[in-house]
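Each residue of the sequence shown is one higher than the one before, starting from 15 at the first, in this note's numbering.
Glycine included, every Cβ here is placed at the ideal spot set by N, Cα and C.
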Amino acid sequence: MDDDARNRDHPLNINVKVVKRGSDVTIDLTGSHPEVETAVNAPLEGSTKIAAYFIIRTIFLDQATHAAYIPNNEGMFRPVHVVAPEGSLFNPRFPRATYARFCACQIAADSVLLALADVLPEQVCAGTGAEVHVIAFSGIAEGSREYWVYVQVNESSWGGRHGKDGMDSIGCLMENIRNNPIEEEELSFPIRVERYELRDEGPAPGRWRGGLGVIRATRSLGEGWVTSEAERQYDPPKGLFGGHNGRTARTQVRRADGTVLDLPSKFTSFKLMPGDVIEFRTACGGGYGDPLERDPQVVARDVRDQLVSIDDARADYGVVLDPATLELEREATERERAARQATVTPSGSTP
């Protein structure tokens with residue numbers, strides 16, 4: 015995790031080991047960071063175990079792969095065990111705060127996927143955004159002098175998976191959110207959304223690319239405050255099986271006078287003045303598989319869709335396109351990829 019929202023530049027380590035014995039699975043969080051004084055602790059019964067049950071169900075009982083719907087039931091979770099020492103981030107002692115518990119739970123769930131990748135490569139995905147990007151705007155209405163609060167949740171993304179690209183701009187892992195219409199925000203509160211779109215830096219390369227997070231820029235029309243509960247500004251979503259790592263999140267404020275401030279992922283009551291713009295970029299998921307194995311025609315489509323630049327198509331995927339028509343140059347692509355493969359040693363590393 016980036017930090018505990020108080021001690022900056024001190025990341026909180028999350029250790030995850032998954033052990034299978036017979037029909038039982040144990041998720042062992044021993045070695046994770048001790049409990050902290052801020053609200054990012056995750057209670058064992060109400061959150062840590064739920065994260066473990068959720069991710070195991072996701073892997074083994076994906077609704078898309080089963081003909082019949084299997085509702086949640088006690089028998090499904092009976093074989094799942096969780097080890098989290100008392101006094102740790104995942105089993106805090108009273109009266110530790112736990113309001114921002116999803117920060118830890120999301121990364122723990124993401125880590126289970128990565129831990130099982132080698133044994134279940136077709137049932138997991140590459141690293142996800144693993145965050146619930148919650149933003150709270152607040153202020154005092156000029157006319158009524160009433161205090162108002164507006165909570166905005168920004169979507170992150172999934173990593174690539176076997177046979178499919180990562181999903182763009184959608185709640186990932188344990189999120190249960192939906193999008194708020196921009197029109198409703200602007201009618202109800204003194205803010206203006208100036209930009210809300212997919213991140214334009216490009217997805218993480220892979221045989222199946224990573225998903226794209228979002229950019230959301232909001233202008234404050236009056237004095238107010240903003241609070242953020244987010245993650246992933248330092249540790250990128252991990253690529254799998256040769257796929258590249260994804261992109262980290264970012265938070266910036268552009269003052270009305272042109273000053274630009276970088277903010278951490280978690281902060282409380284940052285003061286906004288009229289004309290200030292706060293911009294959030296959510297994380298982009300990791301890529302899955304060697305980018306040189308991606309279908310060249312799919313890469314060409316990505317370029318035409320403006321997801322990948324023509325230069326990155328060649329640099330990351332070994333795909334050569336006609337700069338005028340953006341059509342695939344098949345022979346040039348085959349030569350480019352053959353030259354790349356020739357530089358790979360038998361161990362899989364480049365000299």
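Asp42 has Lys31, Val97 as its beta-bridge partners, per DSSP. In the DSSP assignment, Glu243 falls within the beta strand (DSSP E) that extends over 238-243.
In the DSSP secondary-structure assignment, Asp17 is not bridged to any residue. Looking at the backbone, the Cα of Val274 and that of Thr296 are separated by about 18 Å. Between the C-alpha atoms of Gly225 and Gly174 there is a straight-line separation of about 7 Å. Setting aside the 5 residues that flank it on each side, Glu189 is surrounded in the same chain by Val146, each with a C-beta closer than 7 Å to its C-beta; the list follows chain order. Three or more beta-carbon pairs separated by less than 8 Å link the stretch 203-223 to the stretch 248-260, which places the two stretches in contact. Rounded to whole angstroms, Ile70 and Ala140 show a C-alpha spacing of 16 Å. Of all C-beta pairs linking the stretch 105-118 to the stretch 46-62, three or more are shorter than 8 Å, placing the two stretches in contact. Taking a cut-off of 8 Å for Cβ pairs, the stretch 36-48 and the stretch 91-101 touch, as three or more such pairs fall below it. Across the set Thr142, Asp132, Pro48, Val165, the C-alpha of Val165 shows the shortest separation from the C-alpha of Val148. Apart from the 5 residues on each side of it in sequence, Glu197 has no Cβ closer than 6 Å to any other Cβ in its chain. When only Cα atoms are considered, Met15 and Gln120 end up about 10 Å apart. Under the DSSP definition of a beta bridge, Gly153 partners with Trp162, Gly238.
Judged by DSSP in its simplified three-state form, Thr262 adopts coil rather than helix or strand.
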